[in-house]
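Numbering (the numbering used here), first residue to last: 14 to 167.
Using N, Cα and C, we set each Cβ at its ideal position, and we do this for glycine too.
Below is one structure; the comments refer to it alone.
Structure representation (structure tokens):
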């Protein structure tokens, strides 16, 4: 893998896209995605960039993401590897707590395809649930009806 740096405008125009996989069988929602045959049958994608502390640089640790769906449910599986898991930072374990200054995974669904409005979902190594609505590039109120699991382990 060769890291490529793009100017901000080029990055905006060349965002990676991911294809969600339709599911015939449902995954177990327990945080143990590496042991789940449903998830393991889906090819992961990675090659991510970081937003903090070094915006635009390649992610410092390996991350595997898998996305799938059924007729009425959207699924995301994330495995975030860390060479020093004992140094993970979790500053707040409350639901919808700010994940900005903690080790976390956050993604945005741009369902309006306008790069300004959508939905944010996130979690950290403790499985904290975070969700919000993005409205004109700002966060609004949104509570998702969802289930998730999280674990720390080898």
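Bounds of any alpha helix (DSSP H) do not take in residue 130, whose DSSP letter is neither H nor E.
Around the beta carbon of residue 35, fewer than 16 other beta carbons sit within 10 angstroms, so the residue counts as exposed. Judged by DSSP secondary structure, residue 51 falls outside any beta strand (DSSP E) and instead within the alpha helix (DSSP H) spanning 50-53.
Residue 57 sits in coil when the DSSP states are folded into three classes, being neither helix nor strand. Rounded to whole angstroms, the gap between the alpha carbons of residue 126 and residue 87 is 17 Å. By the Cβ test, the region 98-106 is not in contact with the region 46-66, since fewer than three Cβ pairs between them sit closer than 8 Å. For the pair residue 119 and residue 147, the CB atoms are not nearer than the 8 Å cut-off. Per DSSP, the unbroken beta strand (DSSP E) holding residue 79 starts and ends at 76-82. A direct Cα-to-Cα measurement between residue 69 and residue 51 gives close to 32 Å. Within the same chain, Cβ atoms closer than 6 Å to the Cβ of residue 91 are found at 78, 118, the five residues on either side in sequence being excluded. At a Cβ-Cβ threshold of 8 Å, residue 123 and residue 134 do not count as neighbours. According to the DSSP assignment, residue 146 belongs to the beta strand (DSSP E) that extends over 143-148. Residue 67 is classed as exposed because its beta carbon has fewer than 16 other beta carbons within 10 Å across all chains shown.
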